[in-house]
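Peer 1: Residue numbers (the working numbering): 20 to 187.
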Amino acid sequence: MLSAIVAAVLLAIPAIYLYHRLYNSPRSPSTTTSAEKKAQEEKPKTIMQAERTDLAPPKDDPFTLQQLKEFDGSTPEKAIYVAIKGTVFDVTHKRDTYGPGGSYHIFAGKDASKALGKSSLKDEDAIADYSDLPPSEMKVLNDWHSFFSKRYNIVGKVIDLPPAVANL
Ligand code: HEM
20 MLSAIVAAVL
30 LAIPAIYLYH
40 RLYNSPRSPS
50 TTTSAEKKAQ
60 EEKPKTIMQA
70 ERTDLAPPKD
80 DPFTLQQLKE
90 FDGSTPEKAI
100 YVAIKGTVFD
110 VTHKRDTYGP
120 GGSYHIFAGK
130 DASKALGKSS
140 LKDEDAIADY
150 SDLPPSEMKV
160 LNDWHSFFSK
170 RYNIVGKVID
180 LPPAVANL
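Printed below as a string of structure tokens:
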């Protein structure tokens, strides 16, 4: 009988310990200090440019895919635009990246949503029709849209997207 009580106590000790670790740990919101909260809220360090806090209100100017081509950076005085899911972003201040010879020039002056979804830099993927992307690549594409929305001014929208994506 005594040994049964000892065994029960011995089993209870780790169970109580685990319960406190799970439900009352120092990381739970109720016990987190403000310094810990701040550290948790901080974004992970990244090589990508930081989000902007000075973006202009989005504009709604209409662009055809043909008109967008003029904004691929090949004319130095002209702005550079990148469209994603029909939203036209002004990336002019990153001319080194998006202008001729830049790593991501493939995206300039067009809507290359499919390539962004597929993480591709191939010409054949640099098209606006992203309708055949699987869900995982749709998410990648949406993440890029969100990335650009937080970093570049929106200057308009594409008005002649392919029918397959026009209403997506
Ligand atoms: C070995 C492969 C790759 C490496 C090492 C790489 C590296 C980088 C680096 C260092 C940046 C930040 C550059 C900057 O802020 O100027 C960047 C941004 C970017 N990368 Fe890549 N990348 C790779 C592949 C790709 C691919 C396949 C795509 C195709 C979707 C892609 C699309 C982008 C885009 C859209 C940006 C954002 C540029 C911006 O800030 O506007 N990258 N990449």
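Glycine included, each C-beta is placed from N, C-alpha and C at the ideal position.
This one's a predicted model, so the numbers in the text were calculated from it and none came from an experiment.
(1) State buried or exposed for I103, treating a residue as buried only when at least 16 other CB atoms are found within 10 Å of its CB.
(2) Please look up how many angstroms separate the CB atoms of A147 and V184, rounded, as I've assumed it's under 8 angstroms.
(3) Go through the region 116-187 residue by residue and report every complete run of the beta strand (DSSP E) that reaches 3 residues or more, in order.
(4) What first and last residue would you give for the beta strand (DSSP E) that runs through V101?
(5) Does ligand 1 have a heavy atom nearer than 7 angstroms to the CB of K88?
(6) Quick one: residues in its chain with C-beta nearer than 8 angstroms to the C-beta of Y38, no 5 flanking neighbours on either side, listed in chain order?
(7) Quick one: Cα of L160 to Cα of A98, how far?
(8) Mark A134 as exposed unless 16 or more other C-beta atoms lie within 10 angstroms of its C-beta, in which case mark it buried.
(9) Find the nearest neighbour of G136 within the set E156, I173, I66, F126, judged by alpha-carbon distance.
(10) State the Cα-Cα distance for the pair R71 and P153, rounded to the nearest angstrom.
(11) Would you mind giving the Cβ-Cβ distance between D130 and L187, rounded to the nearest angstrom? I have them listed as a contact below 8 angstroms.
(12) Look at the alpha carbon of N172 and the alpha carbon of H124, and state the distance between them as a whole number of angstroms.
(13) Applying the 10 Å Cβ sphere with the 16-neighbour rule, what's the burial state of G105?
Peer 2: Considering the structure as presented:
(1) As a first step, residue 103 must be located in the sequence shown, where it is residue number 84. Residue environment analysis places I103 among the buried positions, since at least 16 neighbouring C-beta atoms fall within 10 angstroms of its C-beta.
(2) In the sequence shown, the residue the question calls residue 147 occupies position 128. In the sequence shown, the residue the question calls residue 184 occupies position 165. Contact between A147 and V184 holds: CB atoms are separated by about 7 angstroms, below the 8 angstroms threshold.
(3) At a cut-off of 3 residues, the continuous stretches assigned as beta strand (DSSP E) that sit fully inside the region 116-187 are 172-177.
(4) Stepping through the sequence shown from its first residue, residue 101 is reached at position 82. Residues 100-103.
(5) Locating residue 88 in the sequence shown gives position 69, where the first residue counts as 1. Answer for K88: no, Cβ out of range of ligand 1.
(6) Start at 1 with the first residue of the sequence shown, and residue 38 comes out as number 19. Here Y38 scores only 39 on pLDDT, less than 50, and its place in the model should not be relied on; the value that follows carries that caveat. Once the five neighbours on either side are set aside, Y38 has no close Cβ partner at all.
(7) The residue given as residue 160 occupies position 141 in the sequence shown. The residue given as residue 98 occupies position 79 in the sequence shown. Straight-line Cα distance between these residues: approximately 23 angstroms.
(8) Here residue 134 refers to the residue found at position 115 of the sequence shown. Its Cβ being crowded by 16 or more others within 10 Å, A134 is buried.
(9) To locate residue 136, count along the sequence shown from 1; it is residue 117. The option with the nearest alpha carbon to G136 is E156.
(10) Here residue 71 refers to the residue found at position 52 when the sequence shown is read from its first residue. Here residue 153 refers to the residue found at position 134 when the sequence shown is read from its first residue. Across the structure, R71 and P153 are spaced so that their CA atoms are roughly 30 angstroms apart.
(11) Locating residue 130 in the sequence shown gives position 111, where the first residue counts as 1. Locating residue 187 in the sequence shown gives position 168, where the first residue counts as 1. Contact flag wrong, Cβ pair sits at about 13 angstroms.
(12) Taking the first residue of the sequence shown as position 1, residue 172 is located at position 153. Taking the first residue of the sequence shown as position 1, residue 124 is located at position 105. If you draw a straight line from the Cα of N172 to the Cα of H124, it is about 18 angstroms long.
(13) Reading the sequence shown from its first residue, position 86 is the one you call residue 105. Note on G105: 16 or more other CB atoms within 10 angstroms of its CB, so buried under the neighbour-count rule.
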